[in-house]
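Student:
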Amino acid sequence: MKYKVPRGTRDILGKEMLIWNKVNNSIEKLAKLNNYQKIETPVFEQTELFKRGVGETTDIVEKEMYTFDDKSQRSLTLRPEGTASVVRAFVENKLYGGRLPVKLFYNGPMFRYEKAQKGRYRQFYQFGIEALGSEEPSLDAEVIFIGWKLLMDVGIKAEEVKVHINSVGCKECRTKYKEKLVEYYQDKLNNVCSNCQTRLDKNPLRLLDCKNESCGKLAEQAPSIFDVICSNCNEHFEHVKVYLDIFKVPYVIDKRLVRGLDYYTQTAFEYRNQNATSTQDAFGGGGRYNGLVEELGGPLTPSIGLAMGLDRIVLALLEKEQPQDSLEFFVACMGDDGVNRYATEIMQLVREKGYSCDKDYGKRSFKAQMRLADKCNAKRAIIVGEEELNNKTLTLKNFNKGKQEIISLEQLKQQLERGSLSV
Ligand code: ATP
Ligand code: MG
10 MKYKVPRGTR DILGKEMLIW NKVNNSIEKL AKLNNYQKIE TPVFEQTELF
60 KRGVGETTDI VEKEMYTFDD KSQRSLTLRP EGTASVVRAF VENKLYGGRL
110 PVKLFYNGPM FRYEKAQKGR YRQFYQFGIE ALGSEEPSLD AEVIFIGWKL
160 LMDVGIKAEE VKVHINSVGC KECRTKYKEK LVEYYQDKLN NVCSNCQTRL
210 DKNPLRLLDC KNESCGKLAE QAPSIFDVIC SNCNEHFEHV KVYLDIFKVP
260 YVIDKRLVRG LDYYTQTAFE YRNQNATSTQ DAFGGGGRYN GLVEELGGPL
310 TPSIGLAMGL DRIVLALLEK EQPQDSLEFF VACMGDDGVN RYATEIMQLV
360 REKGYSCDKD YGKRSFKAQM RLADKCNAKR AIIVGEEELN NKTLTLKNFN
410 KGKQEIISLE QLKQQLERGS LSV
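Read in order, the letters of the sequence shown correspond to residues 10 to 432 in the working numbering.
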C-alpha cells in the first residue's frame, strides 16, 4: 500500500517553504505596522455559522463545504473562509464593547471541496484582516492598501497586479440594481450557462462574475450599479477613491466585480495577477460587510475585511525566484570519536552564540563532508582533526573568500561574541 496526500492537498517543503516563511514574516510585520492584532479561531465551527455568515446561495455553501457529524451528532464544518469565524469571535467575546474599530488578522488553512488544479486546492491558506466597527472610507482604503502592500513587500511588481474596485451598494440600492439585472437578463437566459439560469432568481449579482465565457460577454454589457446607486453609497465610493490616492494604491474601477458572498455592502475589491493565464487569477480580495455582525447576533457594526490567497502568491513567487537556504558554519571533522566529540562541542558553542551550524552525521570522508557543506550553502567551515583536538585549535575557512586560518577555540569564542570573524 502506497499512501498519497488526499486530492487537492499537498505537502509544502524545501525551497517552497522558504518562500512561505518569507511571506509569513512579511504578514506579521505588515499587520503590526498597521496595528492589526492576531486572532486564532478553531479550524472547524458549527455548520450553521457558515450557512448564515457566508450565505446559502454562495458556491461555498451550496457545494464546497467539508461538513461532517461528530460522534455526538453535531454538524461541524471545516472553515471554508475566515470572516464568519472572526465575526463569531467578535460577538462571542463582546469585542464590540471596547474601542472601535477592532482590527484583527488571521493566517491559516481553509478548506473547500473544489475542482483541484494549479492555484486551486481543497486545503489552501489565507491571510485575512477584519476591521470591525467603522464606516470611515479611509478604513476601506487602509484595508485595500494592506493587501496591495503585502504583494509589493514579498516581491510582486506593481505592474504584475491590478487592483479592481467596485461598489455593490447597500440593501436599498442593491435591491434596485438586482431588479435592473433581472430585467436585463430576462430575454438572454438562453445565452447564459445553466448555473446562471438558476442563479438569476436567487442571487442575480452572481451572473456578473461567472467564469463561463458567454456569461462573461453578456456581463460586460450589463447595467452598472452606478446607474442606480444611492447618494450615500456613491459618496462613500468617491471618498474611498480619494483615500486610495493618499495610500498610493493604483486601482481600476470594475463594474463587473461583485464578491461571491452575500454579506458584502458597498466597497468590493480584488487583486488580479496580470501574469495569470487561468481563472485562478485572483491573489485575494475583500469588501465591506456592514450587515454581517448583526446577522450573526451582534450589534450593528459596519466592517470591512480582506483575504489573500497565499498559495497563489507563493506560486507566483516560485516562478520568479529560486530561493536558497544557507548555513553560517559547517563543522568538518577528520578523525576518531575523540575528534567527533570535539567537533560536536564546537558546533554547540557556535549555535549558542546564535549562528546556524551543522556537521556530518554519516561518517563521511573529508571530501564528502566538504561537498555536504557546499550543498548546505555554508559560508564558513570549521575543520578539526587530531592535531586541533590536542591543541584546542581549529581551522576556520571562508568559502567565499577562499581563505583559511588556524585559530584557538578561545579566539573563535571571542570572535563570535564580537560578531566579527578574522576570516
Ligand atoms: P475564486 O474566484 O478564485 O474561486 P473566491 O472568490 O472563491 O476565488 P475568496 O473566497 O474571495 O475567493 O478568497 C480570497 C482568495 O483566496 C482568492 O482570491 C484566492 O486567492 C484564494 N482562494 C480561494 N479559493 C482558493 C482555493 N480553492 N485554492 C487556493 N486559493 C484559493
Ligand atoms: Mg471560489
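Using N, Cα and C, we set each Cβ at its ideal position, and we do this for glycine too.
Between GLU139 and LEU113, which are expected to be in contact by the criterion C-beta below 8 Å, what is the C-beta distance as a whole number of angstroms?
Tutor: Indeed, because the Cβ distance is near 5 Å, the residues count as touching under 8 Å.
Student: So what does DSSP say about SER94, is it helix, strand or coil?
Tutor: Looking at SER94 - three-state DSSP - the assignment turns out to be helix.
Student: Exposed or buried, what is PRO89 when buried is set at 16 or more other beta-carbons lying within 10 Å of its beta-carbon?
Tutor: Result: buried.
Student: CA-CA distance, PHE278 and TYR260?
Tutor: Approximately 9 Å between the Cα atoms of the pair.
Student: Please give me, in chain order, every unbroken run of the alpha helix (DSSP H) with length at least 4 that falls completely inside the stretch 142-174.
Tutor: Listed in chain order, the complete alpha helix (DSSP H) runs (minimum 4 residues) inside the stretch 142-174 are 146-163.
Student: Verify whether the separation of the beta carbon atoms of ILE322 and VAL152 is less than 8 Å.
Tutor: The answer is no: Cβ separation not under 8 Å.
Student: So, at 6 Å on beta carbons, what are the nonlocal neighbours of ILE416 in its own chain, with the 5 sequence-adjacent residues on each side left out?
Tutor: Answer for ILE416: LEU405, listed in chain order.
Student: Kindly indicate the opening and closing residues of the alpha helix (DSSP H) around ILE36.
Tutor: 23-42 is the extent of the alpha helix (DSSP H) around ILE36.
Student: Using only the alpha-carbon positions, how far apart do SER147 and LEU418 sit?
Tutor: Answer to the nearest angstrom: the Cα atoms are 59 Å apart.
Student: In chain order, which beta strand (DSSP E) runs of at least 3 residues are fully inside the stretch 340-389?
Tutor: Runs of the beta strand (DSSP E) inside the stretch 340-389: 366-368.
Student: Ligand 1 and GLU71: does the residue's C-beta get closer than 7 Å to at least one heavy atom of that ligand?
Tutor: No; taking the cut-off as 7 Å, the Cβ of GLU71 has no heavy atom of ligand 1 nearer than that.
Student: With DSSP as the reference, please indicate the residues paired to THR276 in a beta bridge.
Tutor: BP columns for THR276 point to SER176.
Student: Within this structure, are the beta carbons of LYS47 and ALA40 separated by less than 8 Å?
Tutor: Result yes, Cβ atoms of LYS47 and ALA40 sit closer than 8 Å.
Student: If we ignore side chains and look at the alpha-carbon of each, how far apart do GLU123 and GLY106 end up?
Tutor: Their backbone Cα atoms lie some 38 Å apart in a straight line.
Student: Which word fits LYS384, buried or exposed, when buried means at least 16 other C-beta atoms lie within 10 angstroms of its C-beta?
Tutor: Looking at its Cβ environment, which holds fewer than 16 other Cβ atoms inside 10 Å, LYS384 is exposed.
Student: To the nearest angstrom, how far is the alpha carbon of ASP149 from that of LYS372?
Tutor: Approximately 60 Å, taken between the alpha carbons.
Student: Against chain C, does LEU209 count as a neighbour if the rule is that its beta carbon must be under 8 Å from one of theirs?
Tutor: Included in the structure is just one protein chain, with no chain C present.
Student: In three-state terms, what does DSSP make of LEU87?
Tutor: If DSSP states are grouped into helix, strand and coil, LEU87 belongs with the strands.
Student: Cβ of ASP68 versus every heavy atom of ligand 2: is any distance shorter than 7 Å?
Tutor: Yes; taking the cut-off as 7 Å, the Cβ of ASP68 has a heavy atom of ligand 2 nearer than that.
Student: Thinking PHE375 and LYS388 are a contact (beta carbons under 8 Å), I'd like their distance in whole angstroms, please.
Tutor: Not confirmed; about 19 Å, so no contact.
Student: Taking 7 Å as the line, does the beta carbon of GLU123 fall inside it for any heavy atom of ligand 1?
Tutor: For ligand 1, at least one heavy atom lies less than 7 Å from the Cβ of GLU123.
Student: Can you list, in chain order, the residues of its chain with a C-beta nearer than 8 Å to that of GLN55? Leave out the 5 residues immediately preceding and following it.
Tutor: Around GLN55: ARG83, SER84, LEU85, THR86.
Student: Buried or exposed: which applies to TYR298, given that a residue is buried once 16 or more other Cβ atoms fall within 10 Å of its Cβ?
Tutor: Buried is the call here.
Student: On a CA-only basis, which of PHE59, GLY300, CYS182, TYR351 is nearest TYR75? Give me that one, please.
Tutor: Minimum Cα distance to TYR75 is reached at PHE59.
Student: Going along the chain, which residues of its own chain have a beta-carbon closer than 7 Å to the beta-carbon of LEU253, five neighbours each way excluded?
Tutor: These residues qualify, in order along the chain: ALA150, ILE153, TYR260.
Student: Would you say GLY3 touches ligand 1, meaning its beta carbon is less than 7 Å from a heavy atom?
Tutor: No statement about residue 3 is possible, as the shown extent of the chain runs from 10 to 432 and does not include it.
Student: Taking only heavy atoms of ligand 1 into account, decide whether any of them is closer than 7 Å to the Cβ of ARG321.
Tutor: Because some heavy atom of ligand 1 lies under 7 Å away, the Cβ of ARG321 counts as near it: yes.
Student: Apart from the five residues on each side of it in sequence, which residues of its chain come closer than 6 Å, Cβ to Cβ, to ASP218?
Tutor: Closer than 6 Å at Cβ, skipping near neighbours: VAL267.
Student: Please state whether the Cβ-Cβ distance between THR4 and GLY314 is less than 8 Å.
Tutor: What is shown of the chain runs 10 to 432, which leaves residue 4 out entirely.
Student: Please classify SER429: is it buried, with 16 or more other beta-carbons within 10 angstroms of its beta-carbon, or exposed?
Tutor: Exposed, because fewer than 16 other Cβ atoms sit within 10 Å of the Cβ of SER429.
Student: Say the cut is 7 Å; is the CB of GLU90 nearer than that to a heavy atom of ligand 1?
Tutor: Yes, the Cβ of GLU90 comes within 7 Å of a heavy atom of ligand 1.
Student: Would you kindly work out how many angstroms separate the C-alpha atoms of GLU222 and LYS72, rounded to a whole number?
Tutor: Rounded to whole angstroms, GLU222 to LYS72 spans 21 Å at the Cα level.
Student: Can you tell me the Cα-Cα spacing of VAL111 and LEU42, whole angstroms?
Tutor: Each residue's Cα considered, the two are about 15 Å apart.
Student: Residues in its own chain within less than 7 Å of GLY300 by CB, not counting five upstream and five downstream?
Tutor: The residues are TYR272, THR274.
Student: Might you give, ordered along the chain, the residues of its own chain that have their beta carbon closer than 6 Å to the beta carbon of GLY293, omitting 5 neighbours on each side?
Tutor: Around GLY293: GLY156, TYR280, ALA316, MET317, GLY318.
Student: For GLY225, tell me which candidate among ILE255, ASP210, LYS197 has the shortest Cα-Cα distance.
Tutor: Checking every option, the nearest Cα to that of GLY225 belongs to LYS197.
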